[in-house]
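Colleague: For the sequence shown, my numbering assigns the number -7 to the initial residue and increments by one for each residue that follows. We put the beta carbon where it would ideally sit given N, CA and C, even for glycine. No experiment lies behind these values; they were computed from the predicted model shown. One structure coming up, written as structure tokens, with questions to follow.
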Amino acid sequence: MSASAEIKKTVMVALGVCLVCSVLVSVAAVGLSEIQEFNKKQDKLKNILIAGGLYEEGISIEDVYNENIKAIYVDMETGEIIEEKFDAEILSKDTYNVKDVAADPNYGMPIPSEIDIAQVRRMPKYMLVYEVMSGEDVDKIILPVYGYGLWSTMYGFIALGNDLQTVKGITFYEHGETPGLGGEIDNPNWQGIWEGKKALDENLNVVLEVIKGQVDQTSSKANSQIDGLSGSTITTRGLDAMVEFWLGENGYGPFLNKFRKDGENV
Ligand SMILES: Cc1cc2nc3c(=O)[nH]c(=O)nc-3n(C[C@H](O)[C@H](O)[C@H](O)COP(=O)(O)O)c2cc1C
-7 MSASAEIKKT VMVALGVCLV CSVLVSVAAV GLSEIQEFNK KQDKLKNILI
43 AGGLYEEGIS IEDVYNENIK AIYVDMETGE IIEEKFDAEI LSKDTYNVKD
93 VAADPNYGMP IPSEIDIAQV RRMPKYMLVY EVMSGEDVDK IILPVYGYGL
143 WSTMYGFIAL GNDLQTVKGI TFYEHGETPG LGGEIDNPNW QGIWEGKKAL
193 DENLNVVLEV IKGQVDQTSS KANSQIDGLS GSTITTRGLD AMVEFWLGEN
243 GYGPFLNKFR KDGENV
């Protein structure tokens, strides 16, 4: 065989291998995308349950969610709860994704840069908030929150007790911070520090801080401070800003005030 014929054959074999591999990868990607979507949704539901203190190993996530959680829309500008369903597919309670809704031209809105302390640029007009029910009463509310860390936007949930002041839990379901550094936001021990901390005072002003270093337990502020993540000052600052933004007047403030007033009227 001549040298040129051999080169031709080598190229043909290489091209053939590439073609077969690309077909295999495409088929796998398409075939697995549904499973990935399902797993993503399950993981989010699991995080809602963790934040609400309802998760245990081995439970049926969907059953526990359906039995205990009521999802409601909150108009983020007025704080009103919206009872009726929206027709728009993007707002479907089953598939609601904060990131997609915030980016949507109709159902997301820009956050003016001077108030965007969490560096997230946009937020949903109608946020899906989760109530943990105890019979007819709301026991906790689980608020979706997100804020920029060092490398990424961290998406999670913070749960407040029905006093609207005490943190009941925090979880994150998506972020790109460094494992072992900013990624320690996933560490259950660190998340456990949040439980019982005062996030808001009696007038619903944000008092919770995520500080650099460890909380001085003898300080009068200890009950509203969270240890920062070591070696991760930037992630820590991002978490602090995230809490201040979402629990404050430009985030859930109007909703929390309405929720409290409505509760008083009941
Ligand atoms: C590979 C690498 C990954 C890092 N990941 C994070 C991170 O996820 N979050 C963070 O705040 N800092 C991270 N840092 C550290 C920051 O670059 C910065 O040095 C640090 O936030 C300074 O805070 P410190 O005073 O706590 O050290 C990382 C550094 C390196 C080299």
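Can you tell me whether T2 sits near ligand 1, meaning its C-beta is under 7 Å from at least one heavy atom of the ligand?
Modeller: Locating residue 2 in the sequence shown gives position 10, counting from the first residue. No, since every heavy atom of ligand 1 falls outside the 7 Å radius drawn around the Cβ of T2.
Colleague: Please report how far the alpha carbon of E(-2) lies from the alpha carbon of L7, in whole angstroms.
Modeller: Here residue -2 refers to the residue found at position 6 of the sequence shown. Here residue 7 refers to the residue found at position 15 of the sequence shown. Distance between the alpha carbons of E(-2) and L7 is about 14 Å.
Colleague: Please state the DSSP three-state secondary structure of A94.
Modeller: Your numbering for residue 94 matches position 102 in the sequence shown. Helix at A94.
Colleague: Hey, out of S25, L156 and L41, whose CA is closest to E194's CA?
Modeller: Here the question's residue 194 lines up with position 202 in the sequence shown. Of the listed residues, the one whose Cα sits closest to E194 is L156.
Colleague: Between which two residues does the beta strand (DSSP E) holding L120 run?
Modeller: Here the question's residue 120 lines up with position 128 in the sequence shown. That run of the beta strand (DSSP E) goes Y118 to S126.
Colleague: By how many angstroms is the C-alpha of T145 removed from the C-alpha of M234?
Modeller: To locate residue 234, count along the sequence shown from 1; it is residue 242. To locate residue 145, count along the sequence shown from 1; it is residue 153. Computed Cα separation, rounded: 10 Å.
Colleague: Give the range of the alpha helix (DSSP H) segment to which Y47 is assigned.
Modeller: By one-based count along the sequence shown, residue 47 stands at place 55. Unbroken run through Y47: none, as it is neither H nor E.
Colleague: Hey, is the stretch 123 to 134 in contact with the stretch 52 to 71, meaning 3+ C-beta pairs nearer than 8 Å?
Modeller: Enough Cβ pairs lie closer than 8 Å, so yes.
Colleague: Using a Cβ-Cβ distance under 8 Å, would A21 count as near chain C?
Modeller: Reference to chain C is not applicable here, since this structure consists of a single protein chain.
Colleague: Going by DSSP, which residues form a beta bridge with P102?
Modeller: Residue numbering aside, residue 102 sits at position 110 when the sequence shown is read from its first letter. Looking at the DSSP assignment, P102 forms a beta bridge with R114.
Colleague: For D232 and I185, which I take to be in contact (beta-carbon distance under 8 Å), what is that distance rounded to the nearest angstrom?
Modeller: In the sequence shown, residue 232 corresponds to position 240, counting from 1. In the sequence shown, residue 185 corresponds to position 193, counting from 1. Incorrect: roughly 14 Å between the Cβ atoms, too far for contact.
Colleague: Which residues count as close to ligand 1 when the rule is a CB under 5 Å from any of its heavy atoms, in chain order?
Modeller: Having a Cβ closer than 5 Å to some heavy atom of ligand 1 are L142, E169, T170, L173, G174, G223, S224, T225, I226 and T227.
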